[in-house]
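> So the number in the working numbering is just where the residue sits in the sequence shown, counting from 1, plus 76. Virtual Cβ for every residue (Gly too), placed ideally from N, Cα, C. Before I ask anything, let me first share the structure, which is written out below as structure tokens.
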Amino acid sequence: MEKQALPLKILEGKERSTGYISVASGKGGVGKTIITINMGRILYSNGKKVLLIDGDLGLSNIHLMLGITPPKNLYHFFSGDVPIEDIVVPIEDGFDFISSGSGIRELVNMSFGKLKTLLLRLQEFAEGRYDWVIFDTPPGIHSDTLAIVSSSQIPIVITTPEPTAIADAYGLVKVMNSSEGLKEFFLAVNKVSNEYEGKKVYESIKVVCERYTTAEPKYAGSIKYYPNLIKRIISQNPFDNNLIKDLTQILTRLYLVQRTSKESFWEKLLSKLRK
Ligand SMILES: Nc1ncnc2c1ncn2[C@@H]1O[C@H](COP(=O)(O)OP(=O)(O)OP(=O)(O)O)[C@@H](O)[C@H]1O
Ligand SMILES: [Mg+2]
């Protein structure tokens with residue numbers, strides 16, 4: 077596996093606290109999970125401690141791509157069955173993931189006090205150990221997703237150049253803007269044939285955002301279509317050098333414009349989940 081070095085200057089700014097990235101899309105199958113896993117890999121190979129969380133509270137798929145079946149997942153944690161430590165699965169030393177498991181949505185009816193205690197435990201665990209937490213989310217505009225994405229410091233919306241994916245990306249942004257007040261977000265265009273195509277997709281979304289919303293998309297960059305990727309996924313070895321090259325450029329852009337938020341990710345998330 078090639079190591080792609082991120083500019084040091086950029087890495088130094090993030091030493092103190094945990095950063096939260098979320099990866100979202102309107103349409104399914106645009107590459108969120110493979111992007112989440114490979115982004116985590118890049119940060120990890122640059123010396124960062126990374127936790128991936130499957131934010132798909134209905135159908136989780138990070139573990140399928142990695143070919144690791146965790147015995148316990150977020151469902152067990154939220155049910156009160158197991159401590160947080162028992163649901164964290166190492167990919168490598170300092171590069172971990174948490175699988176969501178199905179059925180969590182039913183637990184969301186739990187009392188405010190209980191939800192708060194559980195999120196606090198997640199916060200304590202994550203902030204003591206990781207430089208970056210990356211949430212992979214399900215496609216669409218479910219309220220859990222909106223809460224996770226709009227609480228993150230770095231929300232990334234993924235689309236492809238397909239008109240349906242573009243329309244759904246805009247649909248997601250519109251809802252996040254109107255119901256969650258999300259303004260700044262990053263747009264990455266996956267499965268492009270060249271950089272120009274990616275930029276054009278970004279421009280088209282920017283135009284409608286400016287006309288009909290107060291959202292301000294920032295261009296994160298594009299990722300080329302790599303026909304061999306499917307073979308990696310089938311063999312459950314999702315780390316890919318081509319993808320890592322494109323994503324390294326994207327991560328470099330995200331860091332440069334990263335802003336620090338005073339309010340904690342977890343506080344925001346709790347208030348949004350309870351809205
Ligand atoms: N840059 C790329 N080049 C070629 N194939 C890609 C690329 N990115 C993703 N894919 C393929 O697209 C498919 C969907 O990828 P992935 O599961 O990561 O999408 P997703 O957005 O997480 O899907 P879902 O919405 O179902 O969770 C996979 O088969 C993957 O191999
Ligand atoms: Mg996925």
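Under 6 Å Cβ to Cβ from Ile299, same chain only, skipping five residues before and after it: list those, please.
Excluding residues within five positions, the ones whose Cβ falls inside 6 Å are Asn266, Asp322.
> Considering only heavy atoms of ligand 2 and the C-beta of each residue, which residues fall inside 5 Å, strictly closer?
Going along the chain, the residues that qualify are Lys108, Thr109, Asn137.
> If contacts are defined as beta-carbon pairs under 8 Å, then Pro234 and Ser101 qualify, I think. What distance do you get, rounded to the angstrom?
In the sequence as displayed, the identity of residue 234 is Ile instead of Pro. Yes, Ile234 and Ser101 are in contact; Cβ-Cβ is about 5 Å, under 8 Å.
> Which residue's Cα is closest to the Cα of Ile310: Thr289, Tyr278, Leu128, Gly143?
Nearest C-alpha to Ile310: Gly143.
> Assuming Glu273 is part of the beta strand (DSSP E), what are its boundary residues?
Not the beta strand (DSSP E): Glu273 falls in the alpha helix (DSSP H), residues 271-288.
> When the distance is taken between beta carbons, is Met115 closer than 8 Å to Thr327?
The question names Thr, but residue 327 in the sequence shown is Leu. The answer is yes: Cβ separation under 8 Å.
> Go ahead and label Arg117 buried or exposed: buried means 16 or more other beta carbons lie within 10 angstroms of its beta carbon, across all protein chains shown.
Classification for Arg117: buried.
> When you compare the CB positions of Lys125 and Asp212, do they come within less than 8 Å of one another, or not?
Not closer than 8 Å, so no.
> If we count Cβ pairs, one from each stretch, closer than 8 Å, do we get three or more for the region 286-306 versus the region 231-251?
Yes, the region 286-306 touches the region 231-251.
> How long is the line joining the alpha carbons of Glu339 and Tyr331, rounded to whole angstroms?
Approximately 19 Å, taken between the alpha carbons.
> Measure from the alpha carbon of Ala243 to the alpha carbon of each residue in Phe261, Ile129, Tyr278, then state which is nearest.
When only C-alpha atoms are compared, the closest one is Tyr278.
> Expressed to the nearest angstrom, what Euclidean distance is found between the alpha-carbon atoms of Ser255 and Glu343?
Between Ser255 and Glu343, the C-alpha separation is close to 18 Å.
> How about Asn149: is its Cβ closer than 7 Å to a heavy atom in ligand 1?
The answer is no for Asn149.
> How is Glu343 classed by DSSP in three states: helix, strand or coil?
Residue state, collapsed to three classes: helix.
> Flag Asn313 as yes when its Cβ comes closer than 7 Å to any non-hydrogen atom of ligand 1, and as no otherwise.
Outside the cutoff, so no.
> With a cut-off of 8 Å on the beta carbons, I'd call Ile232 and Leu345 a contact; round off their distance for me.
That pair is no contact at about 17 Å.
> So, with DSSP's three-state summary, where would you put Ser121?
Here Ser121 sits in helix by DSSP.
> Based on DSSP bridge pairs, tell me the residues matched to Leu127.
Leu127 pairs with Asp172, Val209.
> Flag Ile232 as yes when its Cβ comes closer than 7 Å to any non-hydrogen atom of ligand 1, and as no otherwise.
No, Cβ of Ile232 sits at least 7 Å from all heavy atoms of ligand 1.
> Output the boundary residues of the alpha helix (DSSP H) element that contains Glu292.
Taken as a continuous stretch (DSSP letters only), Glu292 belongs to no alpha helix (DSSP H), being part of the beta strand (DSSP E) at 292-300.
> Would Glu203 and Thr289 be called neighbours here (beta carbons separated by less than 8 Å)?
It is not a contact, given that the beta carbons lie outside the stated cut-off.
> Tell me whether Tyr272 is buried or exposed, calling it buried when 16 or more other Cβ atoms sit within 10 Å of its Cβ.
By the 10 Å Cβ count, Tyr272 comes out exposed.
> How is Arg350 classed by DSSP in three states: helix, strand or coil?
Three-state result, Arg350: coil.
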